[in-house]
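Student:
Number of protein chains: 2
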Amino acid sequence: MSKKQDILDAALKLFTENGARATSTKSIASEAETSEALIFKHFGSKDNLLEEIIKKGYQAAAKTTSPYLIGQTPKEYIAKMIELPIILTKSNPDFWRMQYKIIALNLISSRYHDIFMRPCFEKLTISFEKLGYKQPALEAELLLIHIDGVWKYLAAHALDSERENALISTMKEKYNL
Amino acid sequence: MSKKQDILDAALKLFTENGARATSTKSIASEAETSEALIFKHFGSKDNLLEEIIKKGYQAAAKTTSPYLIGQTPKEYIAKMIELPIILTKSNPDFWRMQYKIIALNLISSRYHDIFMRPCFEKLTISFEKLGYKQPALEAELLLIHIDGVWKYLAAHALDSERENALISTMKEKYNL
DNA sequence: GTCTATAATTTGATAGAC
DNA sequence: GTCTATCAAATTATAGAC
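Heads up: the sequence lines are chains A and B, in that order.
Take any residue in the first sequence, note its place counting from 1, add 991, and you have its number in the numbering used here.
Take any residue in the second sequence, note its place counting from 1, add 991, and you have its number in the numbering used here.
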């Protein structure tokens, strides 16, 4: 299945550079050094190819993050959530760069992301509640907006680790963590 | 110049729905109830049409925000920057919704935004410095990431004013404002 | 699994009339 | 300023051979 993987790699690269809509199946075939027809034999359509990339990305993300996020105290959970952007982008930088590029416009992309992040709001709300915050749901919403901004920033800019960690530490201080 | 404005309005609407790349000049002409040729007579190319929309958007944004952001004390400046997402998205919601949708993939879009936001980093750094923050440049970078996340969130979700203001207030508390 | 060839449609843009 | 008619190229996808 080397050619199939070549197509997935080529598509990830080109979707990242130009977006899914502006990437032609011809250019994917060319980058993967295969025929255009093979793309459709393997994936059916361009959208299915994208969905397969995204599905794999979030499966990997779930595997990476689930050990981090279970069984924590409220403070630990919030701290881990603040670290989430680093955990994700470090473990799969190319995928998250693609997601950053296409998520605002692509329904497949945004739907998978919503499902992935959905449990976090409730857990954050409960965590803030336990810590005595006056408006726990609002705090959770605000922190999720921030986390969303940070993973996109890290995916887009590829900072060195030192600066990444400094940003995350500074953020934790705002929540006394 | 009614037809020219019709084209601008139609393009803004369709670029927001599908992105610039996926919006055909034919669909713009149809939405504006004009001929396709007129788009090219007025704007030369699809990219020029988009650039004109963006240029007008940032000119309006500069006009709206400049009275807010001059001659402030450090604390006031930081507070106003935290309010910036509301100021922008309230004054021109359709434009900022389009920007949210296309900025990650579109060079014209991101270039204008960078120029618009560029002065803020230095001013924020100086403000944090004056307030005695230990790592003013890092604080400025972090706050700008946050502001970026917030305007995109407000542009995308169209919250009611009450909830918008609650988010902004909660954010200000983190900086003792 | 992989290829060549090709169909059917859509695209951005232009020419030329009024 | 505005239109109709048109073009050359690019697009997604399929058929059929190996």
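Where a beta carbon is used, it is the ideal one built from N, C-alpha and C, also for glycine.
1) On a CA-only basis, which of B:Lys1066, B:Thr1064, B:Tyr1091, B:Gly1062 is nearest proline 1076 (chain B)? Give me that one, please.
2) Return no unless some Cβ of chain B is closer than 7 angstroms to the Cβ of threonine 1080 (chain A).
3) Could you tell me which whole alpha helix (DSSP H) segments of length 4 or greater appear in the segment 1083–1109 of chain B?
4) Please list, in chain order, the chain A residues whose beta carbon lies closer than 7 angstroms to that of arginine 1012 (chain B).
5) Whole-angstrom Cβ separation of alanine 1149 (chain B) and tryptophan 1087 (chain B), contact assumed at under 8 angstroms?
6) List, in chain order, every chain A residue whose beta-carbon is nearer than 7 angstroms to that of isoleucine 1136 (chain B).
7) Find out if the Cβ-Cβ distance for the pair serine 1100 (chain B), isoleucine 1106 (chain B) is shorter than 7 angstroms.
8) Strictly under 7 angstroms for the Cβ-Cβ distance: is leucine 1133 (chain A) near chain B by that measure?
9) Quick check: is the beta carbon of lysine 1165 (chain B) nearer than 7 angstroms to any beta carbon in chain A?
10) Quick check on the DSSP output: the alpha helix (DSSP H) that includes tyrosine 1124 (chain A) runs from which residue to which?
11) Between which residues of its own chain and leucine 1168 (chain B) is the CB-CB distance below 8 angstroms, once the five residues before and five after are set aside?
12) Applying a beta-carbon distance threshold of less than 9 angstroms, which residues of chain A neighbour methionine 1089 (chain B)?
13) Taking tryptophan 1142 (chain A) as the reference, which of A:Met1108, A:Glu1130, A:Lys1121 has the closest Cα?
14) Could you check what DSSP says for glycine 1048 (chain B) in three-state terms: helix, strand or coil?
15) For chain A, is any of its Cβ atoms less than 7 angstroms away from the one on lysine 1128 (chain B)?
16) State the DSSP-derived secondary structure class of alanine 1011 (chain A), mapped to helix, strand or coil.
17) With H, G and I counted as helix, E and B as strand and the rest as coil, what does DSSP make of tyrosine 1166 (chain B)?
18) Report back the beta-carbon spacing between isoleucine 1136 (chain A) and glycine 1140 (chain B) to the nearest angstrom; my notes put them in contact at under 8 angstroms.
19) Who are the Cβ neighbours of phenylalanine 1026 (chain B) in its own chain at under 7 angstroms, not counting the five residues just before and after it?
20) Rounded to whole angstroms, what is the Cα-Cα separation between threonine 1080 (chain A) and aspartate 1151 (chain A)?
21) Could you have a look at leucine 1150 (chain A) and say whether DSSP puts it in helix, strand or coil?
22) Do tyrosine 1124 (chain A) and tyrosine 1049 (chain A) have their beta-carbon atoms positioned less than 7 angstroms apart in this structure?
23) Establish whether the CB of threonine 1116 (chain A) and some CB of chain B are separated by less than 7 angstroms.
Tutor: Quick look at the numbers:
1) B:Tyr1091
2) no
3) 1084–1093
4) Gly1010, Arg1012, Ala1013
5) About 10 angstroms; that fails the 8 angstroms criterion.
6) Gly1140, Val1141, Tyr1144
7) no
8) yes
9) yes
10) Premise fails: tyrosine 1124 (chain A) is in no alpha helix (DSSP H) and is neither H nor E.
11) Lys1066, Ile1069, Ala1070, Ile1073
12) Within chain A, no residue comes near methionine 1089 (chain B); the closest Cβ sits about 10 angstroms away, beyond 9 angstroms.
13) A:Met1108
14) helix
15) Inspection of the sequence shows that residue 1128 (chain B) is occupied by alanine rather than by lysine. So no, alanine 1128 (chain B) is outside the interface.
16) coil
17) coil
18) 5 angstroms
19) Reading the sequence as shown, one finds serine at residue 1026 (chain B) and not phenylalanine. These residues qualify, in order along the chain: Ala1020.
20) 12 angstroms
21) coil
22) no
23) no
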